[in-house]
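In terms of my numbering, the sequence shown has 264 at position 272, counting the first letter as 1, and numbering is strictly consecutive. Positions of the beta carbon are idealized from the N, C-alpha and C atoms, including for glycine. All values reported here derive from a predicted model rather than from experimental measurement. Single-structure report; data block below.
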Amino acid sequence: MAQVLSLHVLFSAEIHKVGPSKPLKRIHKPKTSLSTRRKGPQSPLRKTQKLNLQVSPHRAVSAVRLMRIEMGGAFADLLNDKGKGSGDNEMGYVERTLGFRTKDLDDRDLRLVTVIVGGTIRWRRYLDYLIGSLCHDEKAFRSMEPLLLQILRIGFYEIVKLDMPSYAVVDENVRLAKVSLRPGAGNMVNGILRKLVLLKGSNSLPFPKLEGDDRAQARALAILHSHPVWMVRRWTKLLGQEKAIKLMMWNNDDPSFSLRANSGKGVTRADLVMQFNMLKVPHELSLHLDHFVRVKTGLQIVIQAGLLKQGLCAVQDESAGLIVSVVDPQPGDSIIDCCAAPGGKTLYMASQMHGQGMLYAIDINKGRLRILKETAKLHQVDGVITTILSDLRTFAESYQLKSDKVLLDAPCSGLGVLSKRADLRWNRRLEDLEELKKLQEELLDAASILVKPGGVLVYSTCSIDPEENEERVDAFLLRHPEFHIDPVDRYVPPDFVTKHGFYSSDPVKHSMDGAFAARLIRTL
């Protein structure tokens, strides 16, 4: 999954390849730099003076983390794939930003931060609509300082979406505002949250009316389902309003994850299931892939138990696994993964080669390529993987390497993975699609050079948009008549095969990320 461009990383989930995220249009700069680090050790006395035991730790961490995410400096998940909670790091950000520490985060706090941060990001547009409605002053809402806005968003999300006890939500968010900002800010939070509690109790929350022309209805749906207006209009046009609403509901639901048993290390799905049973993690077997297990809850337990750190499994969505099925890696194959790092599909393909053949993993990002090499060694598939640091476009023109199978998992909008990438919807613009389409065509042309006569080129994305998928393939075939479509019905279940012979997963229909792949054969 690789890149010509820098990407965000979701630490506890498969890392999806998406194009570059744009900064938010409205970026508030906190009074204290979020990146400033104090140099030198601090005395125990100084730390004690900054300790505030009255403030809810998960709310303080959530508020600061939400500010960092909105500024493009953090991700929505709190755990990394080494199984270590980042609570200490998060509390360090709280201290540098707010000027005090709270008590340490325990496991429950970590889970709450993950839930609150992810949910607040997903529902941001709807929460802001409610906050703005209750402020009765558009100017005051638009000019609200970043920390105060995040505290209100957290309180609104906890009351409206999590149904937490209102007295606790009001009391603790008011305390956070008073301690981190000033008494007046706490009074404002108190007034607005109490108004929200009364409106919710009387079932009279503000509600945008779904009426008027298409634009007006798209604006109302964008508020109700908390998505950018351009996405609502585009999906309504492509799918119809009913299916567009279902897709937005899927994106707003708690994401489910899949884990792949690492056969390269001799781990079977039965072994993985036994581990999940011991950890009491609810799970179900994939209906489509023999090495995959679905997990709706308990992923953090799996991570903390060290299963990923030991290389026993990898977090990988079934949609990505089915793309590997389209490639159909076999022992003895010569395969090029054009945009490989950090290597989810690379590792899965390598595990299917059983130590025979060669897989060339090309990527422009040195750090991410290093991670791929380290993970390949951990998964015991490094014997068939050769990493190449290069821009694919330069490499294809400069070297004579040709392979039986070439995978181009192209940078894309990521519109198929919005359930897991909660922040991506707010960082993506309609204009991005034009930039990405140009890049996708350049990479496709380059990848085609690396295919042997009679060889296979697989083009894939984690997008559900036809302009990045079918239309890019059609345009490529016009430029390259030496290629033709090889229908994927021999490689994936019929339910995933389009009328043109491509692979496509639908988030609502298949309960997995949206993805696309075309299998093309070179005749000359």
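Query                                                                                                      : Result
Inter-stretch contact at 8 Å, needing at least 3 Cβ pairs: the segment 414 to 423 / the segment 379 to 396 : no
Exposure label - phenylalanine 199; buried when at least 16 CB within 10 Å                                 : exposed
Any 3 or more C-beta pairs closer than 8 Å across the segment 278 to 296 and the segment 252 to 263        : yes
Backbone secondary structure at aspartate 498 - three-state DSSP                                           : coil
Pairwise C-alpha distance: lysine 397 and isoleucine 477                                                   : 14 Å
Same chain, Cβ closer than 7 Å to lysine 31, neighbours up to 5 away in sequence not counted               : Reliability of the predicted coordinates at lysine 31 is poor, the pLDDT of 38 falling under 50, and the value obtained from them is presented with this limitation in mind. Nothing meets the Cβ criterion.
Proximity of serine 497 and aspartate 505 at Cβ, strictly below 8 Å                                        : yes
Residues sharing a beta bridge with threonine 379, DSSP                                                    : Ala353
The segment 209 to 216 touching the segment 263 to 281, judged by at least three CB pairs closer than 8 Å  : no
Where glycine 408 falls, given that 16 or more other Cβ within 10 Å makes a residue buried                 : buried
Option nearest glycine 336 by Cα separation, candidates Arg464, Glu460, Leu314                             : Leu314
Spatial distance of aspartate 246 from leucine 140 (CA atoms)                                              : 26 Å
Cβ contact check for the segment 117 to 127 and the segment 81 to 96: 3 or more pairs under 8 Å            : no
From Gly347, Lys412, Ser440, residue whose alpha carbon lies closest to that of glutamine 392              : Ser440
Aspartate 282 - DSSP class collapsed to helix/strand/coil                                                  : coil
Supposed contact pair leucine 425 and glutamate 460 - C-beta distance, whole angstroms, cut 8 Å            : 7 Å
Buried versus exposed, by CB contacts within 10 Å (16 or more), glutamine 348                              : exposed
Assumed close pair arginine 225, glutamine 46 - CB separation to whole angstroms, cut-off 8 Å              : That belief does not hold up - the Cβ atoms of arginine 225 and glutamine 46 are roughly 46 Å apart, past 8 Å.
Per DSSP, cross-strand counterpart(s) of aspartate 401                                                     : Ser452
Spatial distance of asparagine 72 from aspartate 80 (CA atoms)                                             : A caution first: asparagine 72 carries a pLDDT of 41, below 50, which makes its placement in the model too unreliable to give a value.
Leucine 144 versus serine 278 - alpha carbon distance                                                      : 40 Å
N- and C-terminal bounds of the beta strand (DSSP E) containing arginine 517                               : For the chain, the structure presents residues -7 to 516; residue 517 sits outside this window and is missing.
Segment contact, 8 Å Cβ cut-off, at least three pairs: the segment 302 to 319 with the segment 228 to 238  : no
Whole-angstrom distance between aspartate 309 and leucine 410, CA atom to CA atom                          : 13 Å
Contacting residues, own chain, Cβ-Cβ under 6 Å from proline 499 (five flanking each side not counted)     : Trp242, Gly506
Opposing strand residues paired with valine 489 [DSSP bridges]                                             : Tyr495
Contact with chain D by glutamate 310, beta-carbon distance below 8 Å                                      : Of the protein chains in this structure there is only one, and it is not chain D.
Pairwise C-alpha distance: glutamate 82 and aspartate 325                                                  : 45 Å
Short Cβ contact (8 Å threshold) for cysteine 305 with valine 259                                          : yes
Extent of the continuous alpha helix (DSSP H) run through valine 166                                       : 158 to 172
Beta-carbon proximity list for tyrosine 340, same chain, < 7 Å, skipping 5 on both sides                   : Arg252, Gln308, Gly313, Val316
Complete alpha helix (DSSP H) runs within the segment 388 to 439 (minimum length 4 residues, chain order)  : 416 to 419
Boundaries (first-last residue) of the alpha helix (DSSP H) holding histidine 50                           : 49 to 62
DSSP-derived helix/strand/coil call for leucine 97                                                         : coil
Where valine 373 sits in the DSSP three-state scheme                                                       : coil
Assigned secondary structure, glycine 447 (DSSP; H/G/I helix, E/B strand, else coil)                       : strand
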